Every structure is written in structure tokens, then in C-alpha cells.
Amino acid sequence: MGKRQTLGMICSVASAALFGLCAALTKLATARGASVGVILFARGLLGAAFLLPYGALTRRPVRVSRGSGKKVLLLGLVGTAATLLLLNLAYCFLPVGTVTTIHFLYPAAVSAISALLFHEKIPPVTAVALAVSTGAMALFFERFTADALAGLLCAAASVFTWAFQLLYLDRSGLLHESKSAVAFWMCCITAAVGAGYGLLTGEFALGVLPEILPVMAVIAVLNNVLATVLCAAGVEHLGAGTAAVFSVFEPIASIAFGALLLRESLSAKQIAASTAILLSIFTLVSHRALTQRKSAKRRGVRRA
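Numbering (UniProt numbering), first residue to last: 1 to 304.
Spelled out as C-alpha cells, the structure:
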């Protein structure tokens with residue numbers, strides 16, 4: 001393995017580990033008394049606070065074209081904000097590692113939705129991954145309590161809201177807009193959704209903000225800056241397909257940090273379920289990476 005590939009692997013694994021750490025830190029903020037609404041509000045507010053001066057320094061205004069305004073709103077509501085809301089709700093009922101592992105079914109969901117809506121073929125490996133993962137989710141629960149079921153439904157729903165995020169971002173034309181501008185408005189929408197949810201549920205006590213702001217600031221730096229930069233470096237050195245293989249370390253990291261920071265533990269059945277889901281995801285993304293490499297080689301041969 002060359003230096004470039006080694007560096008890409010290190011960056012991808014480090015990125016996945018940081019994303020997993022941020023999931024545990026988010027639940028840590030909940031344990032300190034912050035409601036889901038307050039967490040979303042603080043996270044969106046801090047993200048916007050980082051991106052606004054960044055846009056000014058780089059002379060990239062945080063505005064999008066008039067035709068993209070409604071698209072950004074839809075992406076923010078149904079994609080980013082809905083996913084964060086569902087994940088944070090799931091953290092209230094299930095171990096953070098369990099939630100992240102279930103959420104990582106989104107690559108298979110993207111393939112399934114693409115097949116249904118855009119008539120793309122589902123590769124056999126994707127169908128098998130979906131079947132194995134869906135069956136394995138039942139092992140997460142010793143018994144189906146109301147809390148466990150609520151957590152499962154929230155985590156499973158986050159799979160589809162994030163799949164929507166990826167598909168809509170790819171097909172709506174928003175990729176032509178400034179990435180920092182889109183990210184800024186995603187943060188603003190997340191903050192608004194957090195405030196709205198908190199007010200609707202009567203759990204929007206801002207008095208806890210001084211206590212959780214340091215944790216949320218760390219999450220903003222680790223997630224929005226370091227992990228994002230490392231992820232991009234991994235893609236640059238390895239290619240998107242291979243880098244995606246190493247993203248499987250994110251749920252593994254969330255399980256580890258959940259145990260270290262939150263004293264969460266998994267039963268033998270839950271460990272078996274996590275292993276089955278992670279193996280199916282790893283097989284899926286590895287197959288995708290191999291397919292992409294073969295396609296790239298064929299294109300290279302044709303040009304030659």
C-alpha cells in the first residue's frame with residue numbers, strides 16, 4: 001500500500017471515529033439535562049455562527065439563488081433537521097451504538113429507493129444486505145418495550161430521511177450552489193426546528209445552555225470541521241467508494257465511545273445484531289467500491 005493510500009485510510013478511519021465520538025457526546029449533553037429541542041437549537045446556532053464569518057472571510061456570501069430557496073428549505077426540513085431530530089430522539093431510548101448501527105443502513109435504503117423511484121436495478125448484494133440487516137434488528141431487543149420500539153422506529157425513520165437527503169441533494173441541482181451557503185441554511189433550519197419542537201413539547205429550557213454549550217462547541221468543531229475535512233481527504237486519496245468502506249468504523253466507534261463515556265453495554269444478542277449489520281454494510285460498500293474501480297478501469301481502457 002502506497003503512502004497516498006495509507007494516508008487516505010488513516011484520514012477515513014479518523015473521520016469515522018470522530019463522527020462516532022460526536023454521537024456519544026450528543027447523548028452526553030442529553031444526560032446533562034438538555035432536551036432534544038435545545039440540543040438541535042444549540043447545534044444549529046453554533047454551526048451557523050461558525051459558517052457566517054467563514055463566508056465573510058472567504059468572500060462566499062451565505063445566500064443561494066432564488067430558484068433554490070424552496071429546495072434548500074425542503075432539504076433542511078425533511079433531510080438534515082428531521083434526521084438529527086430522529087437520531088436524538090432515538091438516543092433517549094437506545095444505546096448510541098445501536099442507533100448509529102441501525103442508521104448506517106442508509107446506503108441500502110438509497111439503493112432501494114433509487115430502484116423504486118428511478119427504476120435502477122437493485123444488485124443482489126444490496127438485497128441480501130437489506131434482508132440480513134432487517135432481520136438482525138430484531139435481535140437488538142430482549143423484549144419489545146414501548147421505549148425500545150420508539151427508539152427502533154426513530155432510528156429506522158432516520159435511515160429514510162438521510163437517504164432522502166442524499167438523493168435530493170444529488171438530483172435537485174443544489175450541488176451547484178455554494179456548499180458553505182447550503183450548510184449555513186441547514187444549520188439555521190435545524191435551529192428553527194429544534195426551537196419549534198422544544199416549544200411544542202414544552203421542553204425548551206434554555207437555562208441549561210451554559211452547561212452544554214462547551215460540549216456542543218466541541219461537537220461543532222469535531223463534526224463540522226475536523227471530521228468533515230478528514231472525510232474529504234480520505235475521498236481525495238482513496239476515492240469515494242473505498243473511503244465509504246472505512247466509514248463502517250463510525251458505528252463501531254460509537255459503540256466504543258458509548259461504553260467509555262456513557263457506560264452503555266450490549267447484550268450478546270445485540271452484539272450479534274451489530275456484527276451482522278456491520279458485516280452486511282461492509283459487504284455492500286466493498287462491492288460498490290469494487291464496481292466503481294472496475295468501471296473506472298473500463299473507461300480508461302476505452303479512452304486508450
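By construction, the Cβ of each residue, glycine as well, lies at the ideal position given by its N, Cα and C atoms. Everything numeric in this text was worked out from a predicted model, so none of it was measured.
With contact counted as at least three CB pairs below 8 Å, one residue from each stretch, are the region 175-187 and the region 21-37 in contact? no
Throw me the rounded Cβ distance for the Leu84 and Ile189 pair, which I believe falls under 8 Å. The residue labelled residue 84 in the question sits at position 84 within the sequence shown. The residue labelled residue 189 in the question sits at position 189 within the sequence shown. With a Cβ gap of about 10 Å, Leu84 and Ile189 do not count as contacting.
Assuming Ala42 and Met216 form a contact by the criterion Cβ under 8 Å, report the distance between their Cβ atoms to the nearest whole angstrom. In the sequence shown, the residue the question calls residue 42 occupies position 42. In the sequence shown, the residue the question calls residue 216 occupies position 216. With 8 Å as the limit, Ala42 and Met216 qualify as a contact, their Cβ atoms being about 5 Å apart.
Roughly how many whole angstroms lie between the Cα atoms of Thr228 and Ser15? For this step, residue 228 is matched to residue 228 along the sequence shown. For this step, residue 15 is matched to residue 15 along the sequence shown. Cα to Cα, Thr228 sits roughly 7 Å from Ser15.
When DSSP labels each residue in this structure, what does Gly67 get in the three-state scheme? As a first step, residue 67 is located in the sequence shown; it is residue number 67 there, counting from the start. Here Gly67 sits in helix by DSSP.
Under 8 Å by Cβ, that's how I've got Gly8 and Glu203 pegged, so tell me the actual separation to the nearest angstrom. Here residue 8 is taken as the residue at index 8 of the sequence shown, counted from 1. Here residue 203 is taken as the residue at index 203 of the sequence shown, counted from 1. About 43 Å; that fails the 8 Å criterion.
Less than 8 Å separating the beta-carbons of Ala115 and Ala163? For the purposes of this step, residue 115 is identified with residue 115 of the sequence shown, where counting begins at 1. For the purposes of this step, residue 163 is identified with residue 163 of the sequence shown, where counting begins at 1. No, Cβ-Cβ distance for Ala115 and Ala163 is not below 8 Å.
Using the Cα positions of Leu74 and Phe19, report the straight-line distance between them to the nearest angstrom. Against the sequence shown, residue 74 aligns to sequence position 74. Against the sequence shown, residue 19 aligns to sequence position 19. Cα to Cα, the separation comes out at about 25 Å.
Residues of its chain near Ile212, where Cβ-Cβ distance is below 7 Å and the 5 sequence neighbours each way are ignored: Position 212 of the sequence shown, counted from the first residue, corresponds to residue 212. These residues qualify, in order along the chain: Ala29, Arg32, Ala34 and Ala42.
Please state whether DSSP places Phe93 in a helix, a strand or coil. Position 93 of the sequence shown, counting from 1, holds the residue named residue 93. Three-state DSSP puts Phe93 in coil, outside helix and strand.
Start-to-end residues for the alpha helix (DSSP H) that takes in Lys27: Stepping through the sequence shown from its first residue, residue 27 is reached at position 27. Note, Lys27: alpha helix (DSSP H), Lys3 to Ala31.
Close Cβ partners of Val248 (< 8 Å) along its chain, the five nearest in sequence each way excluded: In the sequence shown, counting from the first residue as 1, residue 248 sits at position 248. The answer, listed in chain order, is Ala16, Phe104, Leu278, Ile281, Phe282 and Val285.
Candidates Tyr197, Leu89, Leu130 and Glu264, of which the one nearest Leu152 by Cα: On the sequence shown, residue 152 is found 152 positions in, with the first residue counted as 1. Leu152 has its Cα closest to that of Leu89, out of Tyr197, Leu89, Leu130 and Glu264.
Start-to-end residues for the alpha helix (DSSP H) that takes in Ser254: Against the sequence shown, residue 254 aligns to sequence position 254. That run of the alpha helix (DSSP H) goes Phe249 to Leu262.
Can you look up Val99 in the DSSP assignment and give me helix, strand or coil? Your numbering for residue 99 matches position 99 in the sequence shown. Note: Val99 maps to helix in three-state DSSP.
Inter-residue Cα distance where the pair is Thr126 and Ser111: Translated into positions along the sequence shown, residue 126 becomes position 126. Translated into positions along the sequence shown, residue 111 becomes position 111. So the two alpha carbons sit approximately 7 Å from each other.
Are the Cβ atoms of Thr21 and Phe257 separated by less than 8 Å? By 1-based counting over the sequence shown, the position of residue 21 is 21. By 1-based counting over the sequence shown, the position of residue 257 is 257. In the sequence as displayed, the identity of residue 21 is Leu instead of Thr. Yes, these two residues count as a Cβ contact at 8 Å.
Straight-line gap, Lys294 to Glu120 (C-alpha atoms, nearest Å): The count along the sequence shown starts at 1 and reaches residue 294 at position 294. The count along the sequence shown starts at 1 and reaches residue 120 at position 120. Spanning the two alpha carbons is a distance of roughly 19 Å.
Same chain, Cβ closer than 6 Å to Tyr197, neighbours up to 5 away in sequence not counted: On the sequence shown, residue 197 is found 197 positions in, with the first residue counted as 1. Cβ within range, chain order: Gly37.
Beta-carbon separation (whole angstroms), Ile113 vs Leu200, contact threshold 8 Å: In the sequence shown, residue 113 corresponds to position 113, counting from 1. In the sequence shown, residue 200 corresponds to position 200, counting from 1. That pair is no contact at about 29 Å.
For Lys27, does the count of other Cβ atoms within 10 angstroms reach 16, so buried, or fall short, so exposed? Here residue 27 corresponds to residue number 27 of the sequence shown, with the count starting at 1. Counting Cβ neighbours within 10 Å, Lys27 comes out buried, since at least 16 surround it.
According to the Cβ coordinates, are Leu86 and Thr134 closer than 8 Å? As a working note, residue 86 is residue 86 in the sequence shown. As a working note, residue 134 is residue 134 in the sequence shown. Not a contact, by the Cβ cut-off of 8 Å.
Simplified DSSP assignment, three categories, for Ala130: Against the sequence shown, residue 130 aligns to sequence position 130. Reading off the sequence shown, one finds Leu at residue 130, where the question assumed Ala. Looking at Leu130 - three-state DSSP - the assignment turns out to be helix.
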